[in-house]
Amino acid sequence: MSSKTILLRWSFVLLVSLLGLIFSLHLSISDNALDLLPEQATNGDIKKLGEMGLVNRLFITLTTKDGYYSSLSEGRQQLKKSVSLLGSALDSSPNFSFVLSHLPKEFQGALLEHVSMYLPYLLEVEDYKKLEEIIRPEGVEKKLQQAFSLLNSPAGIALKQRIQNDPLGFDILGLEKLQSLRSEFTMAIEDGFFVSGDGTSCLLLAESVLSLTDSYQARKIDGELRQAFANNLPEGIEARVIGTLPHTLANADTVQRDLQKLLPAATILLALFLGVTLRSMKAVLVFAVPFLAALPAIGLVSVIYGQLSGVALGFGIVLLGIGVDFAVHLYLSLSEASGTLEERVEQVSRPIFFATLTTSAVFLILHLSSVPSHRQMATLALAGVLLAVCFARILIPTLFRHSKEMNQTASASVQTPQATKKVQVPVIILFLWVALLVAGGFSWPKMEYNGDLRVLDVPSGKVMEDEQRFASTWGSKGEQLFVIVEGELEEALQQNSQVYRELVLNNFKKFQSFSPLLPGTLKQRENFKLWQKFWRDHKFHFIPNFKMSAGRYGFSESAFAPFVNRLLETPAQPSVQRTVTGPLSPLFSSMLKEIDEDNGDSGANTLGGSDNFAGKAHFLAMTTVSAEDGNLAGLQAGLGKLPGVYLIGNSSWRAEVERSLRHDVEFLSALAGLTIAILVAIQFRKLAAVIAVLAPVLSALSAMAIFCFFTGRLLNMMHLIMGIMVIGLSVDYGIFTVCSRLDGANEEIKTSTKAVNICAVSSLVGFGVLAFAEHPALNALGVTVLVGIGLAWPTAVFVSPRLLSILRWGRG
Amino acid sequence: MSRLFHFFSIYCCLLFAVTISSFDGLTTVFASQQGNETSELTALLAEVEAVDDKVQSFHCLFVQEKILALFDKPVVFKGELTVERPAQLRWEFVSPIPSVLIFNSDKGVRCNGNEPPMHFNLSSDPVLKSVAEQLWLWLGGDYQSLKKSYHLKRKAALVLAITPKDEAIKKFIQSITITFNPETKQPYKVEISEAGGDRTRLQFSNYSLNPPVDEIVFNKCDKDE
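Residue numbers (the numbering used here), protein chains in the order written: chain A, 1 to 812; chain B, 813 to 1037.
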């Protein structure tokens, strides 16, 4: 090969890589744990939870350090001051959309005013039974006596106006509706602050604008929080944060720790192994060439997708590593076998073409996955493998510019295809292989999938301790369901009222809904009709009786004129805008969100920041329900009839993810298996060869099934990704082994076996080392390769040739 | 012309001088009056506080008369008051309708007749918190600290008038007038004028200073339990 040709070839490849690098620079990477979930799950439920701010919500507990303050009241004072300061600091940051540190001063008054003013629109059928009790003569007598006492007590001055408006305590019926807003957390509201039972902790809620499932953004928020803690908390107050943030950070730290520990180990082991086996500096180039394909592949993917998941990028490059196998086969064939350069290239081209075809088919099939990051990964790996094969074909022959560098000592006389000869492999190995397949077939149906993201979660000791402290301070919420309704404001409030009705109908007692305090317009009208009917029926008896009783306590004739007028007049309907943006906004902010559709999926706004109340803006209203309460089936059936209502529960959501993943695993594995079988059948056209090629794949799948059966491991999304890689690698081992047996001479068999050995060992060292990772995702990856390749490799080396030999021999 | 101008200048100078001296005189009179009032107020507060410093607790009887637009005629309640400074107070009506209100630091209990006691926390009950603040205003004995939120004025020898600075308090209370007992220097009469013209008059008697007080007085409505 002339120097000019070599220069041209390298220039071309480097130019393509450079172009790829330029395109890659525009790539936007999304490092989000949700990228690992099926589209249906993330587009539906998780998206809605994200829009409600639940995914990016932080619960910050400030606690006084034991013994730091001289008295509980001093500690409590410092605590409240710190919460105020911290709340203001976070509120002023553009990275937090909603911060609830304490209720505003005017909150209680505003709440009373709201209930008192709109009581006729809030009371429901069951409230009128209680009202009927209150307006009985004995009930009136009792309440008036209480009012008389209260007016004459030291509190009389402050309560006089309230007693004039509501001497019988009707408003209490409205205030009872606050019960529906009570969370399952155990806390007291002191001066508007959320204080724990023992008075040593205060709770603060904050919602991040940045995605907390994204480690980069989570780190940014963590930095801001630390800064805010340092600036606003005195020495005697400590802060603990729970929510998505600490989990994301703990996982990112674990992965980083694993990679820092394992990557150098893998690199050293690989270098040692290749140094011993290949004994040439060219080997470094052989391993580098396919990775030159990574840049244009990433560039291509960035043009197609615009944004690429970090997971897809990482694992796509790993999958692209399959291209190394082709380069190794080509290199060994050229360096160790006999014949001219062109002859050797031609001879090895056939198995490389077959292997590329099957690998590409597997990656094409991965495009049918319901997990978006799998599809991006498949595109990246497909482009990368195809480019890697091309680059290897272009560049590796340039390493052998003089034919003397090739093995000229190889005997040209040995040309007999070896497959016709009986291969000396002990029969016991075949029996063992059959036993492996039988055990695999037995274990396969017993494999279970776990779609819960928590299996890939490694919370640190600190995270777990903080969560335990949180549960002991505030109580544990247990399994929760979220009912989210979507629509224009009126529609959302009306649907939210329907959800509330369904909860009551199905005997749910533990739930959090703002509907009783802010029902939809239709529900308000319905309630008001009840009020009007009630007083139409009772006013003629009640009002004279009431005035007579009041007179007995010395009250003047006009003392309760505001109260009587209230019963007879029609008050204005509650103004939604005023209610949700006024002093009561903390009640609604975490449960009613406006969706900023321009901002896509992360565009939930806190209330009050928009003028769209009268317009067509979309809103989400949420109700949280304890899953261990009431008739869930009835609720599901009832909510099923309502449009725009989402019932989201951890268990149902997990079930959906599992269903989706199970479908992916079964459908994609079957399709990949069938496609590979068809392609191998078309390529080799002989049953013996087809079985021999597929033998390593069957071994890998059986090994994985048996491993899961014996260790009790549940499959997760990582196993699926790496399972596909293992299938791709295993079939390649089969193809190279069988091709060399069918077409090659002794040298070629030797070379091919050596190449398979090198490829398998480098995969085992490179990926298998991850089986020692602490992080479950990396561990799953390592274990899958270790087990799959660990069995596929000896099968390709020992079983495939034997099978080929027996079957061909058997057929004569 | 120049003479006319000269006279005019002299006239202006004189006028100016007279104006300045009148102003100066007025200011002097005003300042001296204000100074007198301030010193009298200071003397009154010092006199009351000197006794109060020695009074850690007291018990007394009281009669409350409420003149409210809500009632056809004034309503009279009788009761007992027990105070243990700085944070314990028991306000008990014995007739015509018995009731008890206890403040014990930031907690408290309220009883009305035979109804079960209602415990409360001042941090979570803004109404009772403001009631406690108002009561401690004239029962706490620390009158100097009132100056932050109230205008204080000495109306007579042992009469102190308090008017709130805060607009929110003004909505309820116009002024409080406290008349001190010449001997005990404890509040003898208290009159609270409300914004709408309603009034509350309290008259205290039978003072017992620094008596032994059982803790149960500030914990339970029924002292005999």
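The beta-carbon is built from N, C-alpha and C at its ideal position, and this holds for glycine as well. On a predicted model such as this, the values are computed, not experimentally measured, just so you know.
For isoleucine 988(B), the enclosing beta strand (DSSP E) begins and ends at 985 to 992. Residue pairing of phenylalanine 511(A) in beta bridges, as defined by DSSP: Val625(A).
Leaving aside the five residues that flank aspartate 166(A) on each side, the residues in its chain whose CB is nearer than 7 Å to its CB run, in chain order, Ser116 and Phe563. Contact check for threonine 356(A) and valine 303(A): beta-carbon distance about 23 Å, past the 8 Å limit, so the pair fails to qualify. Straight-line spacing of the CA atoms in phenylalanine 400(A) and tyrosine 331(A) works out to 9 Å. Less than 8 Å divides the Cβ of alanine 760(A) from the Cβ of isoleucine 789(A).
With at least 16 other beta carbons inside 10 angstroms of its own, arginine 922(B) counts as buried. Shown here, aspartate 127(A) sits in a helix according to DSSP, grouped into three states.
Not flagged as an interface residue toward chain B: isoleucine 172(A), since no C-beta distance is shorter than 8 Å. Proximity of the region 439 to 449 of chain A to the region 699 to 715 of chain A meets the contact definition, three or more beta-carbon pairs being nearer than 8 Å. Rounded to whole angstroms, the gap between the alpha carbons of proline 445(A) and methionine 718(A) is 19 Å. For phenylalanine 555(A), the neighbours in chain B by C-beta distance under 7 Å run, in chain order, Leu882 and Phe883. Distance check between asparagine 779(A) and each of Ile735(A), Thr753(A) and Leu715(A) places Leu715(A) closest, using alpha-carbon atoms only. A check of alpha carbon separations from glutamate 748(A) across Leu274(A), Ala110(A), Asn152(A) and Val345(A) identifies Val345(A) as the nearest. Between alanine 633(A) and the set Pro643(A), Arg566(A), Leu647(A) and Leu620(A), the nearest pair of CA atoms involves Leu647(A).
In the structure shown, methionine 704(A) falls within a helical segment according to DSSP collapsed to helix, strand and coil. Three or more Cβ pairs drawn from the region 939 to 955 of chain B and the region 151 to 167 of chain A lie within less than 8 Å of each other, which places the two stretches in contact.
Taking 8 Å as the CB threshold, leucine 949(B) stays off the interface with chain A. Taking a 10 Å sphere around the C-beta of arginine 393(A), we find 16 or more other C-beta atoms and assign the residue as buried.
Taking all protein chains shown into account, valine 912(B) has 16 or more neighbouring C-beta atoms within 10 Å of its C-beta and is therefore buried.
Here histidine 541(A) is not bridged, per DSSP, to any residue. In the displayed model, methionine 548(A) falls within a helix according to three-state DSSP. Non-local C-beta neighbours of leucine 21(A) in its own chain, meaning closer than 8 Å and more than five positions away in sequence, comprise Leu295 and Gly299, ordered along the chain. Setting aside the 5 residues that flank it on each side, valine 895(B) is surrounded in the same chain by Ser869, Phe870, Leu901 and Leu951, each with a C-beta closer than 7 Å to its C-beta; the list follows chain order. Counting every other CB atom within 10 Å of its CB across the protein chains shown gives asparagine 1018(B) a total below 16, marking it as exposed. Beta-bridge annotation (DSSP): cysteine 923(B) is paired with Val912(B). At a cut-off of 8 Å, the C-beta of glutamate 1006(B) has a neighbouring C-beta in chain A. If you look at glutamate 502(A), you'll find it in the alpha helix (DSSP H) that goes 489 to 505. Per DSSP, the beta-bridge partners of lysine 965(B) are Ala973(B).
For the region 102 to 136 of chain A, the residues whose beta carbon sits under 9 Å from a beta carbon of chain B are, in order, Lys105, Gln108 and Gly109.
In the three-state scheme derived from DSSP, where H, G and I count as helix and E and B as strand, methionine 377(A) is classed as helix. At a cut-off of 8 Å between beta-carbon atoms, serine 153(A) makes contact with chain B. The continuous stretches of beta strand (DSSP E) do not include histidine 102(A), and DSSP gives it neither H nor E. Contacts with chain A (Cβ-Cβ distance below 8 Å) from the region 885 to 913 of chain B involve Lys885, Val887, Phe889, Trp903, Phe905, Ile909, Ser911 and Leu913, listed in chain order. At a C-beta separation below 8 Å, leucine 159(A) has these neighbours in chain B: Val939. Secondary structure note for glutamine 307(A): its beta strand (DSSP E) is the uninterrupted segment 307 to 309.
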